[in-house]
Structure formats: C-alpha cells, structure tokens
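Peer 1:
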C-alpha cells in the first residue's frame, strides 16, 4: 500500500510539473491590436511577445508629441516603445550610436529617413513639420527579453517598425 501511495504521489507531482510547464509555454492573453494608441496588426506584435497569462499595456511620461508605452506579460516588461518629436538638426542615429552598437550588430533598414535594427532594439527617424516648425520624429523599440532566434527577432522588429513608424508619425501630427 505504501508503494502505491508513493507511486501515486510521484505521478501527481509529475502531472503538476507538466501542467505548470505547459502553462508557461502558451500564450493565454489576447494580442493587442495597437501600441501606444496606434493601430497595428496583432500578427506584427506576436513574434516579439513571450508566452504567459496576462498582457498589460501602459503609457509613461507620454506627451502629445511623445508616445511612450510598455507592454508587460505577467508583470515583466517585454516591449518598450518610445516616440518623440525632436529638433530638425539633432543627429538621432549618431546620438544613440553607442547604444545601437551595444545592442548587437546594427544594420540599416528602409524606414523613414534613417533607421537601424540591432539584436535588441530598432530606431527610425524622419524629417517632418510639427506645429509649423522643421522637426524630426523618432521611434525606438526595445524588446528586453533575450531571444534565442536573433535573426527572427530582428526581422520581427523590422516588420513592426515598418508599419508602426509612419502610423505613429501621423498620429502625433508630424507631417512629412
């Protein structure tokens, strides 16, 4: 009888472990249909989001010309998006060159006037007119969780930036 109880306890423990592990491998939350108030196809966001139970999106330090938000899964930040309108003469790409380099192998992508994607970030900038003044619109995207498939992550960042950047630029009223 004692062996049977030990075997049943072991089986129950194994089943519990499998079910807990199984939960962490699936996405139980609905994908968002936008970021920072800008509509985006959920399929573009999905590759950058991990499995988990609950997704939340919050804004921080946002102003009308500077959308900023974080997506968290199970209370862990998984995607940060920062937008801003800057002066027309600011060298945005040069200014964050060190951060790009330390983010891993930055490469040019075809978004806005200048854009780069690295292993753990993407940035794009475009000249525009904001409130009648020559300006630039800038977006930075950071997925802080390390990915095991870096090429797929870079491709996902590029696809997201390609769609998100012009929509966010339009949303803040920074006309090309």
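Numbering (our numbering), first residue to last: 3 to 178. All residues carry an ideal CB built from backbone N, CA and C; glycine is no exception.
Say whether the stretch 96-115 touches the stretch 72-79, bearing in mind that this needs 3 or more beta-carbon pairs closer than 8 Å, one atom from each stretch.
Peer 2: no
Peer 1: From the DSSP output, read off the bridge partner residues of residue 123.
Peer 2: Locating residue 123 in the chain shown gives position 121, where the first residue counts as 1. Assignment of beta-bridge partners to residue 123 by DSSP yields 120.
Peer 1: According to DSSP, is residue 57 helix, strand or coil?
Peer 2: As a position in the chain shown, residue 57 is number 55, starting the count at 1. In the structure shown, residue 57 sits in a strand (DSSP, three-state: E or B).
Peer 1: Tell me whether residue 177 sits in a helix, a strand or coil according to DSSP, three-state version.
Peer 2: Working through the chain shown from its first residue, we reach residue 177 at position 175. If DSSP states are grouped into helix, strand and coil, residue 177 belongs with the strands.
Peer 1: Work out the CA separation of residue 139 and residue 132 for me, nearest whole Å.
Peer 2: In the chain shown, residue 132 corresponds to position 130, counting from 1. In the chain shown, residue 139 corresponds to position 137, counting from 1. Going by the C-alpha atoms only, they are around 9 Å apart.
Peer 1: Return the first residue and the last residue of the beta strand (DSSP E) that residue 39 is part of.
Peer 2: Walking along the chain shown from the start, residue 39 turns up at place 37. Here residue 39 belongs to no beta strand (DSSP E), and DSSP marks it neither H nor E.
Peer 1: Closest to residue 95 by CA distance: which of 80, 111 and 81 is it?
Peer 2: Position 93 of the chain shown, counted from the start, is the residue given in the question as residue 95. Of the listed residues, the one whose Cα sits closest to residue 95 is 111.
Peer 1: Figure out for me which residue from 59, 53, 113 and 129 has the closest Cα to the Cα of residue 89.
Peer 2: The residue given as residue 89 occupies position 87 in the chain shown. The option with the nearest alpha carbon to residue 89 is 129.
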